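Colleague: Residue numbers for the sequence shown follow the numbering used here, beginning at 654 and rising by one.
One structure follows; several queries about it will come next.
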Amino acid sequence: MTIKPSDHWRDSVAEEAREVACGTRAPEEAFLARLFPESLLQATDTALGSFEAEVLALRTPSDDEVLGVVRRAVLALNAINDEHGGGGYETGEREELCEFIDGTLEEHGIDIPALAARNGIGAHEITDEWRDW
Numbered sequence: 654m655t656i657k658p659s660d661h662w663r664d665s666v667a668e669e670a671r672e673v674a675c676g677t678r679a680p681e682e683a684f685l686a687r688l689f690p691e692s693l694l695q696a697t698d699t700a701l702g703s704f705e706a707e708v709l710a711l712r713t714p715s716d717d718e719v720l721g722v723v724r725r726a727v728l729a730l731n732a733i734n735d736e737h738g739g740g741g742y743e744t745g746e747r748e749e750l751c752e753f754i755d756g757t758l759e760e761h762g763i764d765i766p767a768l769a770a771r772n773g774i775g776a777h778e779i780t781d782e783w784r785d786w
């Protein structure tokens with residue numbers, strides 16, 4: 654099962670807080686709670702959970718159905734990013750989100766290279782049409 658990036662981000666925030674609490678990190682060096690506010694984490698969890706549920710519900714899907722699920726997830730993530738000042742997802746987070754989308758599709762039998770080829774795009778471009786982050 655592909656792990657949601659927001660789970661990883663939440664764990665990193667907690668680890669940094671533990672480091673500050675035990676004195677191995679200076680408070681002024683702590684930044685992850687600002688980078689990943691709980692509102693961003695919760696909204697991302699919700700969007701990715703909805704994406705997973707939609708992918709799970711697919712039965713012998715057409716390309717349009719698969720891309721529709723991807724589109725809805727990406728648009729939800731765009732809205733979350735906008736709600737957080739357009740900086741909710743930095744480069745590393747963007748890559749993690751795309752890897753999560755790809756991994757979830759692959760776990761449910763979607764051949765991403767074949768899907769992409771049938772639609773005239775590269776395998777790493779399935780989110781590009783809708784992605785603002």
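Backbone N, C-alpha and C define an ideal beta-carbon position, used for all residues, glycine too.
This structure is a prediction, so every number in the text was calculated from the model and none was measured.
Whole angstroms is fine: what's the gap from Glu707's alpha carbon to Val666's?
Modeller: As a first step, residue 707 must be located in the sequence shown, where it is residue number 54. As a first step, residue 666 must be located in the sequence shown, where it is residue number 13. Between Glu707 and Val666, the C-alpha separation is close to 29 Å.
Colleague: Determine whether the beta carbon atoms of Leu701 and Ser659 lie at a separation below 8 Å.
Modeller: Residue numbering aside, residue 701 sits at position 48 when the sequence shown is read from its first letter. Residue numbering aside, residue 659 sits at position 6 when the sequence shown is read from its first letter. The answer is yes: Cβ separation under 8 Å.
Colleague: Who are the near neighbours of Ser703 in its chain, counting only those whose CB is closer than 8 Å to its CB and skipping five residues on each side?
Modeller: Counting from 1 along the sequence shown, the entry for residue 703 is found at position 50. Cβ neighbours of Ser703 beyond the five flanking positions: Arg725, Ala726 and Ala729.
Colleague: Near Ile765, what residues of its chain come up, given a Cβ to Cβ distance below 7 Å and the 5 sequence neighbours on each side ignored?
Modeller: The residue labelled residue 765 in the question sits at position 112 within the sequence shown. Hits under 7 Å: Asp755, Leu758, Glu759, Ala776 and Ile779.
Colleague: Just to confirm the assignment, what range does the alpha helix (DSSP H) spanning Asp717 have?
Modeller: As a working mapping, residue 717 is identified with position 64 in the sequence shown. Run containing Asp717: Asp716 to Glu736, per the alpha helix (DSSP H) assignment.
Colleague: Thr780 by DSSP, collapsed to three states: which one?
Modeller: Walking along the sequence shown from the start, residue 780 turns up at place 127. In this structure, Thr780 counts as coil in the three-state DSSP scheme.
Colleague: Taking Leu694 and Trp662 to be in contact with their CB atoms under 8 Å, please state how far apart those CB atoms are, rounded to whole angstroms.
Modeller: Stepping through the sequence shown from its first residue, residue 694 is reached at position 41. Stepping through the sequence shown from its first residue, residue 662 is reached at position 9. Contact flag correct, Cβ pair sits at about 6 Å.
Colleague: Kindly examine the ligand SAH and report whether one of its heavy atoms sits closer than 7 Å to the Cβ of Leu694.
Modeller: Looking at this structure, you won't find the ligand SAH or any other ligand, since it has none at all.
Colleague: Quick one: what does DSSP say Glu668 is sitting in, helix, strand or coil?
Modeller: The residue given as residue 668 occupies position 15 in the sequence shown. Note: Glu668 maps to helix in three-state DSSP.
Colleague: Is the separation between the beta-carbon of Leu750 and that of Val719 shorter than 8 Å?
Modeller: Position 97 of the sequence shown holds residue 750. Position 66 of the sequence shown holds residue 719. Contact flag unset, no.
Colleague: Taking Ala686 as the reference, which of Arg747, Ala696, Val722 and Asp664 has the closest Cα?
Modeller: Translated into positions along the sequence shown, residue 686 becomes position 33. With distances taken between Cα atoms, Ala686 lies closest to Asp664.
Colleague: From Phe689 to Gly773, what does the alpha carbon distance come to, in whole angstroms?
Modeller: What you label residue 689 is simply residue 36 of the sequence shown in a count that begins at 1. What you label residue 773 is simply residue 120 of the sequence shown in a count that begins at 1. Approximately 35 Å, taken between the alpha carbons.
Colleague: Alpha helix (DSSP H) containing Gly745: first to last residue?
Modeller: What you label residue 745 is simply residue 92 of the sequence shown in a count that begins at 1. Looking at the DSSP string, the run of the alpha helix (DSSP H) that includes Gly745 is Thr744 to Glu760.
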